[in-house]
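**Student:**
Here it is as structure tokens:
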């Protein structure tokens, strides 16, 4: 086991070392790449899980304070890679036993069938996992301005008078999820133009580099799924709703429709709006943990969140995206 939920403090450095370890242990199924660097010079990493030519993208850690989803996506990556490798071993043994009728053939058919499905999923798809898009914000939410090395950014952060556990921004104090150039974007706060941030540019580059069939952005809080787009067609939203209902069956999360798409007075410009409008492919926001959860989020949410969402990928694989 590489990703350990019992480790109460999970830092950026732990995520990086975990990504390296996963890529080494499962080298034939996981590739560790850097897609950009934060404003405080931290790597923004992506794990490529699978060998297929169809791409699904999972992203987490857009908001610094949402500290549960990054480690959960890492754990999900480990789970699927392990299932893939275990089935390969069982398959080889099974093939050998079939060639020798006197052998005792594996009786645990349920595990074999599940493993076979995972194996075929990762032969068909490559899952792009970005567990932590905003590493600066993540570390600021844990350690305040002391987590930042650049003097100019640290000076700016020292003006912040609130609890850093509520910090949702990046190292420059900008909400990345309001920084994507789309129809709902409006100038607000420190960012006077869209895609001004390194983190935004890194994700946009991934969007354009791969022919992504579906994009899920994981946030916290509310145990809900946002699927509706006012800027998109009826047909598009019907497909979104169909996928959302399938994911609801897996997670038991609530579905939020058009009335909840953008909060009143918000500036828009988030990840899923950008992807929907530019690529006309499914893009949903998944909100994990309880609505009344308090920041900093209790690390005990990790296991329950993992159990709630770990089969989302399995479900998407059955949709023939």
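Residue numbers (our numbering): 1245 to 1565.
Don't be surprised by glycine CBs; every beta carbon is placed ideally from N, CA and C.
Note that the structure is a prediction, hence the values are computed from the model and not measured.
Buried or exposed, going by whether 16 or more other CB atoms sit within 10 Å of the CB of residue 1562?
**Tutor:** When all chains shown are included, residue 1562 counts as exposed.
**Student:** Go ahead and label residue 1305 buried or exposed: buried means 16 or more other beta carbons lie within 10 angstroms of its beta carbon, across all protein chains shown.
**Tutor:** Looking at its Cβ environment, which holds 16 or more other Cβ atoms inside 10 Å, residue 1305 is buried.
**Student:** Can you tell me whether DSSP reads residue 1517 as helix, strand or coil?
**Tutor:** Correct three-state label for residue 1517: helix.
**Student:** Using only the alpha-carbon positions, how far apart do residue 1477 and residue 1518 sit?
**Tutor:** About 15 Å.
**Student:** Tell me the rounded alpha-carbon separation between residue 1260 and residue 1387.
**Tutor:** Their Cα atoms are separated by approximately 18 Å.
**Student:** Quick one, which of 1384, 1249, 1470 and 1382 has its alpha-carbon nearest residue 1526's?
**Tutor:** The option with the nearest alpha carbon to residue 1526 is 1470.
**Student:** Between the C-alpha atoms of residue 1393 and residue 1400, what's the straight-line distance to the nearest angstrom?
**Tutor:** One C-alpha to the other measures close to 12 Å.
**Student:** Starting from the C-beta of residue 1326, find all residues in its chain whose C-beta is less than 8 Å away, skip the five residues before and the five after it, and write them out in chain order.
**Tutor:** The residues are 1270.
**Student:** How many whole angstroms separate the CB atoms of residue 1293 and residue 1371, which I take to be in contact at a CB cut-off of 8 Å?
**Tutor:** Indeed, because the Cβ distance is near 4 Å, the residues count as touching under 8 Å.
**Student:** Does the beta-carbon of residue 1342 have 16 or more other beta-carbons within 10 angstroms, so that it is buried, or is it exposed?
**Tutor:** Reliability fails at residue 1342, whose pLDDT of 49 lies under 50, so the model's placement of it is uncertain and no value is given.
**Student:** Pick out whichever of 1289, 1419, 1383 and 1488 has its Cα sitting closest to the Cα of residue 1303.
**Tutor:** For the residues 1289, 1419, 1383 and 1488, the minimum Cα distance to residue 1303 belongs to 1289.
**Student:** Could you check which residue in 1489, 1456, 1465 and 1551 has the C-alpha nearest to that of residue 1472?
**Tutor:** Checked all of 1489, 1456, 1465 and 1551; the closest Cα to residue 1472 is 1489.
**Student:** At 4 residues or longer, what runs of the alpha helix (DSSP H) sit wholly inside the segment 1347-1416?
**Tutor:** Entirely contained in the segment 1347-1416, the alpha helix (DSSP H) runs reaching 4 residues are, in chain order, 1353-1368, 1379-1387 and 1395-1401.
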